[in-house]
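**Q** Attaching a single structure in structure tokens format; questions to follow.
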Amino acid sequence: MTILRHRDVITSVTRQLQRLALGIALSALSATAAADWRADAVDTLTRESDGRRLVVLGEMHGTREVPLLAGDLVERWSDTSPVLLALEIPVREHSALREAVAGGGADAAIETLRQRGWWQVPADENDGRRSEDVLALVRRIGRLKASGRDVAILPFDPRDLRCYQRGTCEAAMAHVLRRAHDAFPHGRIVIVTGNVHAMRLRPDNAPEGFPKQPMTALLRDLKPYSVNVTAERGAYWACRDTCGIVDVAPSRSGGREGAGSPFNYRLVLPVFTPIRQVGESRE
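Residues 123 to 405, numbered by the numbering used here, are exactly what the sequence shown covers, in order.
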């Protein structure tokens, strides 16, 4: 039978407390780092966009970070002006999204949205645009609305088989956003869309099948500020041959882009994290 001496018990407890303290410190450091990149990103885009009415976040679909960034921008900018958040979601979701926001992002309204057909697509068919993270963004906008902020959400994707057949899908999305711009003369519009749609110019080295004029290029007369949102590391959810987790490609440094670039600015976040599929953890 082993008899523990008093100092052994104290040493063991001390080590456990040290490990606990280290874990708490690391968690706090991680949370602080997360808050830092978000604050830095909002400060950067606020400065660089210089009051432009249309700010286009060109994303890799399927990250947790971009919905957080979009929400942070809406929260910051809605403190001084109306803000419309435009999401690359089918236009048929407009009524349900409007009700969720008007209802203050209440759980029941978000659950109604969650149960709609577009949101219930299985993971192996999900291109990354639908997630618990986007639903959390809708909830956040609803809560801002309930607090008195002048905010709203617009789904701007009207694409159907016909536009694919005619090659007019980029123009169809641009048309929805142009109408929103004209109907919303005194506020800012934060547009979250795939990075191809966010290009203000067609790249010189564009592959076969690339749009002749991306969506944002068709809005250049409105002076949109286009941001290519990338990350140093991590992964995102996307559909290629199959749908799944894709590792982030190495990224060059961020900063302002030249006049001949498809984007105004390249924003490099520390990490991309794959989405939570609809119905997964709702923390």
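Glycine included, each C-beta is placed from N, C-alpha and C at the ideal position.
If contacts are defined as beta-carbon pairs under 8 Å, then Arg275 and Leu179 qualify, I think. What distance do you get, rounded to the angstrom?
**A** For the purposes of this step, residue 275 is identified with residue 153 of the sequence shown, where counting begins at 1. For the purposes of this step, residue 179 is identified with residue 57 of the sequence shown, where counting begins at 1. Strictly speaking, residue 275 in this sequence is Ile, with Arg absent from that position. Contact flag wrong, Cβ pair sits at about 14 Å.
**Q** Are Phe394 and Glu187 close, meaning C-beta to C-beta below 8 Å?
**A** Walking along the sequence shown from the start, residue 394 turns up at place 272. Walking along the sequence shown from the start, residue 187 turns up at place 65. Cβ atoms of Phe394 and Glu187: closer than 8 Å.
**Q** Does the segment 216-232 come close enough to the segment 188-198 to have 3 or more Cβ pairs within less than 8 Å?
**A** Flag = no, the segment 216-232 and the segment 188-198 do not touch.
**Q** Counting Cβ pairs, one atom from each stretch, are 3 or more of them under 8 Å apart for the segment 369-380 and the segment 331-346?
**A** The segment 369-380 vs the segment 331-346: no contact.
**Q** Cα-Cα, which of Arg169, Gly382, Arg310 is closest to Asn327?
**A** Position 205 of the sequence shown, counted from the start, is the residue given in the question as residue 327. Among Arg169, Gly382, Arg310, the Cα nearest to that of Asn327 belongs to Gly382.
**Q** Across which residues does DSSP place Pro212 in a beta bridge pair?
**A** For the purposes of this step, residue 212 is identified with residue 90 of the sequence shown, where counting begins at 1. For Pro212, which the question treats as bridged, DSSP gives the partners Asp279.
**Q** Taking one C-beta from the segment 207-214 and one from the segment 270-284 each time, how about it: are there three or more such pairs within less than 8 Å?
**A** Contact between the segment 207-214 and the segment 270-284 is present, because at least three Cβ pairs lie under 8 Å.
**Q** Using a Cβ-Cβ cutoff of less than 8 Å, which residues in the same chain neighbour Glu402 once the five nearest sequence positions on both sides are dropped?
**A** Locating residue 402 in the sequence shown gives position 280, where the first residue counts as 1. Answer for Glu402: Glu254, listed in chain order.
**Q** Along the chain, where does the alpha helix (DSSP H) that runs through Glu254 open and close?
**A** The residue you call residue 254 lines up with position 132 of the sequence shown. Start and end: 254-268.
**Q** Which residue wins for smallest C-alpha separation from Tyr358, given the options Asn248, Trp241, Gln242?
**A** Here residue 358 refers to the residue found at position 236 when the sequence shown is read from its first residue. Of Asn248, Trp241, Gln242, the residue nearest in Cα terms is Asn248.
**Q** Going straight from the alpha carbon of Ile232 to that of Arg261, what length do you get?
**A** Position 110 of the sequence shown holds residue 232. Position 139 of the sequence shown holds residue 261. Their backbone Cα atoms lie some 7 Å apart in a straight line.
**Q** Would you mind giving the Cβ-Cβ distance between Thr364 and Ser348, rounded to the nearest angstrom? I have them listed as a contact below 8 Å.
**A** Your numbering for residue 364 matches position 242 in the sequence shown. Your numbering for residue 348 matches position 226 in the sequence shown. At roughly 30 Å, the Cβ-Cβ gap does not stay under 8 Å, so Thr364 and Ser348 are not in contact.
**Q** When we look at the beta-carbon of Pro346 and count the other beta-carbons within 10 Å, is it buried (16 or more) or exposed?
**A** Position 224 of the sequence shown, counting from 1, holds the residue named residue 346. Pro346 comes out buried.
**Q** In whole angstroms, what separates the C-alpha of Asp246 from that of Leu235?
**A** By one-based count along the sequence shown, residue 246 stands at place 124. By one-based count along the sequence shown, residue 235 stands at place 113. Straight-line Cα distance between these residues: approximately 20 Å.
**Q** Measure from the alpha carbon of Trp461 to the alpha carbon of each residue in Arg251, Leu219, Glu181, Leu266, then state which is nearest.
**A** No statement about residue 461 is possible, as the shown extent of the chain runs from 123 to 405 and does not include it.
**Q** List in chain order: all unbroken alpha helix (DSSP H) runs of 4+ residues lying wholly within the segment 288-321.
**A** Correct list: 291-305.
**Q** Might you give, ordered along the chain, the residues of its own chain that have their beta carbon closer than 6 Å to the beta carbon of Pro392, omitting 5 neighbours on each side?
**A** Within the sequence shown, the letter at position 270 stands for residue 392. So the list reads Trp159, Glu354, once near-sequence residues are dropped.
**Q** With a 10 Å radius around its C-beta and 16 neighbouring C-beta atoms as the bar for buried, classify Thr202 as buried or exposed.
**A** As a working note, residue 202 is residue 80 in the sequence shown. Result: exposed.
**Q** For Leu176, which residues from the same chain have a beta carbon less than 6 Å from its beta carbon, with the 5 sequence-adjacent residues on both sides left out?
**A** What you label residue 176 is simply residue 54 of the sequence shown in a count that begins at 1. Here the set comprises Ile311, Leu344, Pro346.
**Q** Short of 7 Å in beta carbon distance, which residues of its chain neighbour Glu221, apart from the five on each side in sequence? Order them along the chain.
**A** Counting from 1 along the sequence shown, the entry for residue 221 is found at position 99. Ala231.
**Q** With 16 as the cutoff for other CB atoms within 10 Å, does His183 come out buried or exposed?
**A** Along the sequence shown, one-based indexing puts residue 183 at 61. Answer is buried; the Cβ neighbour count reaches 16.
**Q** May I ask which residues mark the beginning and end of the beta strand (DSSP E) holding Leu176?
**A** Within the sequence shown, numbered from 1, the residue matching residue 176 stands at position 54. 176-181 is the span of the beta strand (DSSP E), which, as asked, contains Leu176.
**Q** Looking at the C-beta of Arg265, does it have a partner C-beta in chain D at a distance below 8 Å?
**A** Of the protein chains in the structure, only one exists, and it is not chain D.
**Q** Considering only residues of the same chain and omitting the five flanking positions on each side of Trp241, which have a CB-CB separation below 7 Å?
**A** Counting from 1 along the sequence shown, the entry for residue 241 is found at position 119. Hits under 7 Å: Leu235, Arg252, Val400.
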